[in-house]
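Structure first, commentary second.
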């Protein structure tokens with residue numbers, strides 16, 4: 009008989025008069041790896057809160073470790089021993105790996121902490137999972153993969169028998185992801201349970217015992233291991249597959265652009281061991297897959313002007329030495345949070361990238377009317393009257409990408425554009441990138457995970473500090489699992 013580690017029974021959770029979870033039922037068994045696909049994000053954040061903290065319920069019951077911990081009558085326990093690992097680190101910087109794992113756990117009361125003792129305590133855990141992490145390493149020096157492993161180790165040491173991982177694959181390279189799967193399977197065999205949240209069913213098939221489909225605050229479907237390969241989720245990805253197929257067919261009919269807009273020759277920056285050479289053509293989409301965190305951070309640092317190009321030549325419009333940054337726009341990760349200014353109006357947010365080119369754009373009625381007329385196909389008139397915090401998530405994404413379209417750069421660098429977005433919003437982001445491409449703007453996606461990015465790409469460059477490998481489009485299906493793989 010299977011032992012339950014978590015059961016949520018008929019849970020309804022209401023916050024500020026809005027029903028976030030309704031008649032929510034979930035069972036997680038001891039030693040199980042449960043896949044979790046959020047088709048949309050309604051209620052997802054509140055679910056994370058309820059996993060760890062027993063907030064008052066409108067209806068239902070929550071059981072953890074065989075005991076009732078929450079009910080509609082009122083919480084029975086304040087906190088649950090459940091670990092949530094997300095993109096943002098929960099480790100304490102300025103402390104070592106061993107200190108984060110052992111010293112910060114409940115019940116640790118020693119005032120003098122012998123480093124040798126901590127190293128000895130950590131050694132068997134490191135040996136069990138077959139990785140090399142120094143106990144004395146400060147956590148800010150860890151790679152993303154190492155940070156996730158340390159958070160898992162801390163959860164194990166603290167006796168948190170349910171570990172939730174949210175979209176970890178967007179942060180970790182394919183090679184390291186395989187090693188992470190091994191670690192997860194090892195601890196599952198030791199009785200620890202995992203909820204693995206990911207939008208790609210093809211990835212969940214590789215590691216999960218069951219998969220649940222979450223939408224609008226409810227579990228819509230539970231898929232057993234035996235059902236995972238019979239196309240049961242095809243109807244949920246049908247629209248996405250159609251979009252990709254239509255895009256590829258259009259690109260096949262189009263004549264490949266030979267208009268060179270930027271060429272990099274033997275560029276060296278950061279800790280690169282071999283130079284990067286890359287030619288970007290008008291209106292094409294390229295993916296730069298970073299195989300290690302150093303490469304990813306180096307590219308970001310160059311584009312954000314934190315570090316400089318050491319060697320090499322930059323050609324813009326076939327003119328040598330022209331400023332690299334003039335016709336480039338950078339879209340940061342999770343741009344609806346990081347690239348909008350709530351204190352500014354919708355129109356000011358839209359035109360903020362245009363202000364340097366057209367002084368006074370925000371104050372000219374004539375220019376405002378012209379912009380509204382030009383973009384009426386995309387932007388509804390009533391949106392101009394809304395405050396930023398009144399916009400839906402889709403409207404925020406649209407505002408970010410319409411700002412870029414209005415600015416008309418030659419190249420857009422998008423850092424992990426699909427990160428943090430549910431399936432519905434990922435499709436919408438994909439559509440916005442398509443609009444940029446149709447207007448002749450080259451899109452460079454800088455990413456770690458490939459599944460979404462390759463669906464729109466024409467070329468792939470895999471980058472590490474040791475060098476660059478180019479992969480042709482007809483070879484994409486060999487290196488990524490995705491809903492469009494067999495198209």
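In the working numbering, the protein residues as written are 9 to 495. From the three backbone atoms N, C-alpha and C, an ideal C-beta is built for every residue, glycine too. Since we're looking at a predicted model, the values are computed, not measured.
- Item | Test item: CB-CB of residue 33 and residue 62 under 8 angstroms | The residue you call residue 33 lines up with position 25 of the chain shown. The residue you call residue 62 lines up with position 54 of the chain shown. Their beta carbons are not under 8 angstroms apart, which means residue 33 does not touch residue 62 by this criterion.
- What are the start and end residues of the alpha helix (DSSP H) that includes residue 218? The residue you call residue 218 lines up with position 210 of the chain shown. Element bounds for residue 218: not the alpha helix (DSSP H) but the beta strand (DSSP E), 218-223.
- Return the CA-CA distance between residue 10 and residue 186, expressed in angstroms with no decimal places. One-based indexing of the chain shown puts residue 10 at position 2. One-based indexing of the chain shown puts residue 186 at position 178. Between residue 10 and residue 186, the alpha-carbon positions lie close to 27 angstroms from each other.
- For residue 120, which of helix, strand or coil comes out of DSSP? Against the chain shown, residue 120 aligns to sequence position 112. Bear in mind that a pLDDT of 47 at residue 120, under 50, signals an unreliable position, so the model cannot answer this.
- Task: Return the CA-CA distance between residue 108 and residue 130, expressed in angstroms with no decimal places.
- Result: Start at 1 with the first residue of the chain shown, and residue 108 comes out as number 100. Start at 1 with the first residue of the chain shown, and residue 130 comes out as number 122. When rounded, the distance between both Cα atoms is 11 angstroms.
- Message: Measuring only the C-alpha atoms, how far is residue 360 from residue 421?
- Response: Counting from 1 along the chain shown, the entry for residue 360 is found at position 352. Counting from 1 along the chain shown, the entry for residue 421 is found at position 413. Rounded to the nearest angstrom, the two C-alpha atoms are 18 angstroms apart.
- Item | CB contact flag (residue 147, residue 99, <8 angstroms) | Taking the chain shown and counting its residues from 1, one reaches residue 147 at position 139. Taking the chain shown and counting its residues from 1, one reaches residue 99 at position 91. For the pair residue 147 and residue 99, the CB atoms are nearer than the 8 angstroms cut-off.
- Decide yes or no for the touch test of the stretch 402-414 against the stretch 187-207: beta carbon pairs closer than 8 angstroms, at least 3 of them. No, they do not touch.
- Message: Between the alpha carbons of residue 104 and residue 399, how many angstroms are there, rounded?
- Response: Mapped onto the chain shown, residue 104 falls at position 96. Mapped onto the chain shown, residue 399 falls at position 391. For residue 104 and residue 399, the distance between alpha carbons rounds to 42 angstroms.
- Item | Alpha-carbon to alpha-carbon, residue 407 and residue 396 | Translated into the one-based positions of the chain shown, residue 396 becomes position 388. Translated into the one-based positions of the chain shown, residue 407 becomes position 399. Taking the straight line joining both Cα atoms gives about 10 angstroms.
- Message: Taking the alpha carbon of residue 278 as the reference point, which residue from 302, 225 and 268 has its own alpha carbon closest?
- Response: Counting from one through the chain shown, the residue named residue 278 turns up at place 270. Ranking the options by Cα distance to residue 278, first place goes to 302.
- Grab the span of the alpha helix (DSSP H) containing residue 266 for me, first residue to last. Numbered from 1 along the chain shown, position 258 holds the residue referred to as residue 266. Per DSSP, residue 266 belongs to no alpha helix (DSSP H) and is neither H nor E.
- Message: How far does the beta strand (DSSP E) with residue 31 in it extend, from its first residue to its last?
- Response: Working through the chain shown from its first residue, we reach residue 31 at position 23. Note, residue 31: beta strand (DSSP E), 26-37.
- Within the stretch 50-76, note down every full alpha helix (DSSP H) run reaching 4 residues or more, in order along the chain. Counting whole runs of 4 or more residues, the stretch 50-76 contains the alpha helix (DSSP H) stretches 52-60.
- Query: What residues are listed by DSSP as bridge partners for residue 450?
  - Reply: The count along the chain shown starts at 1 and reaches residue 450 at position 442. 419, per the DSSP bridge assignment.
- Query: Alpha carbon to alpha carbon, how far is residue 14 from residue 37?
  - Reply: Numbered from 1 along the chain shown, position 6 holds the residue referred to as residue 14. Numbered from 1 along the chain shown, position 29 holds the residue referred to as residue 37. Spanning the two alpha carbons is a distance of roughly 7 angstroms.
- Message: Under DSSP, the beta strand (DSSP E) around residue 425 begins and ends at which residues?
- Response: Walking along the chain shown from the start, residue 425 turns up at place 417. Annotation: residue 425 is outside any beta strand (DSSP E) and is labelled neither H nor E by DSSP.
- Task: Tell me whether the beta-carbon of residue 456 lies closer than 8 angstroms to the beta-carbon of residue 42.
- Result: For the purposes of this step, residue 456 is taken as residue 448 along the chain shown, with counting starting at 1. For the purposes of this step, residue 42 is taken as residue 34 along the chain shown, with counting starting at 1. Result no, Cβ atoms of residue 456 and residue 42 do not sit closer than 8 angstroms.
- Message: With DSSP as the reference, identify every bridge partner of residue 201, one or two as the case may be.
- Response: The residue you call residue 201 lines up with position 193 of the chain shown. Residue 201 is bridged to 170.
- Same chain only: Cβ atoms within 7 angstroms of residue 120, ignoring 5 sequence neighbours per side: Here residue 120 is taken as the residue at index 112 of the chain shown, counted from 1. Note that residue 120 scores a pLDDT of 47, beneath 50, so its modelled location is shaky; the value from the coordinates is reported in the next line. Excluding positions up to five away in sequence, the list is empty.
- Message: Looking at the strands, I want to know which residues DSSP matches up with residue 292.
- Response: For the purposes of this step, residue 292 is taken as residue 284 along the chain shown, with counting starting at 1. According to DSSP, which records beta bridges pairwise, residue 292 is partnered with nothing at all.
- Message: Considering only the alpha carbon of each residue, which of 319, 47 and 419 lies closest to residue 229?
- Response: If you number the chain shown from 1, residue 229 lands on position 221. Here the closest residue by C-alpha is 47.
- Item | Simplified DSSP state of residue 78, which is helix, strand or coil | To locate residue 78, count along the chain shown from 1; it is residue 70. Shown here, residue 78 sits in a strand according to DSSP, grouped into three states.
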